[in-house]
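Following: one structure in structure tokens, then a few remarks.
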DNA sequence: GTAATAGTGTCTATCAGACATTATAAC
DNA sequence: GTTATAATGTCTGATAGACACTATTAC
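Residue numbers (this note's numbering), protein chains in the order written: chain Z, 1 to 217; chain R, 218 to 434.
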């Protein structure tokens, strides 16, 4: 493909102007405390306020590595699986120059955020993200839609629950992501078919003990 | 956001190395002659063979404008609506340097391709795209999946048919995109509800005249 | 026993697939 | 009339929502 880009004037790759490329990430999780789908934000460096974690792409670096580096450096989060969402390409988006930003979605278990720097980061429910610079609110919207689409038909595809888990735990997670209550019986019937029962049950809980399940089918 | 990227060493935006950014497009259409979902390919400049149309992003240019420029210059196609699919970011993908490529999907009516340069371009069914450089086959796969998803539930969302049209015309289009036959009666029931009948009917055709419909609901 | 939660039975509405039937044109 | 296509009727099976009911635990 490269050579097909060389135009009739014979200009080579190095002759073309190049934009800076950044990554920005909507890191979503469901904290135990609130049970609400929330997004990680970090303090901005120069300006007051909060923003999504982001960084510039380093030379020869892959986008996914830049995302993981920014999450490690800015929030102490490791072991994530970012996915691309969209490229924001308005040339006037950044006042300091020509910057393309590749928005990402990442989803983590709350325990993966345990060691985060609480002075420099915060977790905010996705439906009240506060004032954010640039199009970070749009990134959150895209991230939430994508996550809801993923969780609509499959049980916990992003492995937010530690195995084994009960169907109630699974349903609470899916409700947090969907942002609305889900029918207990319908949910059980749809998702239960995609789970493997362990035969063991919870103990010490109120009511009838629930069976514990594994994701693997 | 920009200022939040400045790291603790105080490096500014211009100090970061920058990749070249390209766009590549899977331009899909359904030619009258074959009735098969097909993708536009252009002759490569230096190497033998064919590739998807692409170009480098010009300074301050938006991605969508680069896509439209490449389609105009390489295939004489105008008036399209490209959509982003994915960023290909393997630093070793292009032997001549560090190039990010933003893959796009574009869908056009066959008449929009009437004036194309037939010596430099060809239309190939998407299921037999031939040998393509880099990850252009993957771009086609993503483009087709996305198009099938869009056409699964709505009647001709990308306006490939000139209005008014019959349900048979609509179903043939959807079959070409789905790559499989669709039940006439089920299709009519699902899509018919989302169309507006004009009251007028085809004339001069064999069999019972078909009603003509508009997309608008 | 009561309260609470897990899990199942079952009715209804909706919808896709499949097939039959009716309607209306060209010939 | 015959043939071809459009449009509708209707049966069946699958599934979601809704509600009732049974099962098993803590207390």
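Backbone N, C-alpha and C define an ideal beta-carbon position, used for all residues, glycine too.
Please read these numbers as outputs of a predicted model, since none were measured by experiment.
- Interface annotation for the stretch 85-111 of chain Z against chain R: 86, 87, 89, 90, 91, 92, 93, 94, 95, 96, 97, 98, 99, 100, 101, 102, criterion Cβ-Cβ distance under 9 angstroms.
- The beta carbon of residue 255(R) lies closer than 8 angstroms to those of 245, 246, 247, 248, 340, 341, 342, 343 in the same chain, with the five residues before and after it left out.
- DSSP places residue 86(Z) in the strand class (E or B) of the three-state scheme.
- For residue 238(R), a Cβ of chain Z is located within less than 8 angstroms of the residue's own Cβ.
- Within 7 angstroms of the CB of residue 233(R), the CB atoms of chain Z belong to 20, 56, in sequence order along the chain.
- Check the Cα spacing between residue 61(Z) and each of 310(R), 376(R), 359(R): the tightest is with 310(R).
- Annotation: the continuous beta strand (DSSP E) that includes residue 213(Z) extends over 211-214.
- Contact annotation for residue 358(R) against chain Z: no contact, minimum CB-CB distance about 16 angstroms [criterion: below 8 angstroms].
- As computed with DSSP, residue 175(Z) is found in no beta bridge at all.
- For residue 258(R), the secondary structure class from DSSP, reduced to helix, strand or coil, is strand.
- Bridge partners of residue 316(R) according to DSSP: 237(R).
- Looking at the DSSP output, residue 292(R) bridges to nothing.
- Around the CB of residue 239(R), 16 or more other CB atoms lie within 10 Å, so the residue is classed as buried.
- Around the beta carbon of residue 271(R), a 10 Å sphere encloses 16 or more other beta carbons of the protein chains shown; the residue is thus reported as buried.
- Inclusion of residue 26(Z) and residue 178(Z) in the CB contact set at 8 angstroms is not warranted, their separation being larger than that value.
- Taking the C-beta atoms as reference points, residue 50(Z) is found no nearer than 8 angstroms to residue 36(Z).
- For the stretch 275-296 of chain R, the set of residues with a beta-carbon nearer than 7 angstroms to any beta-carbon of chain Z comprises 276, 277, 279, 280, in chain order.
- Here residue 325(R) is not near residue 284(R), since their CB atoms are 8 angstroms or more apart.
- Note on geometry: alpha-carbon atoms of residue 72(Z) and residue 169(Z) lie some 28 angstroms from one another.
- Taking every protein chain shown into account, the CB of residue 174(Z) has 16 or more other CB atoms within 10 angstroms, so this residue is buried.
- The three-state reading of DSSP puts residue 353(R) in helix, counting H, G and I together.
- Separation of the CB atoms of residue 104(Z) and residue 84(Z) is rounded to 6 angstroms, and the pair is thereby assigned contact status at 8 angstroms.
- A Cβ-Cβ distance of about 10 angstroms is found for the pair residue 196(Z) and residue 212(Z), leaving them out of contact under the 8 angstroms criterion.
- The beta carbons of residue 296(R) and residue 237(R) sit no closer together than 8 angstroms.
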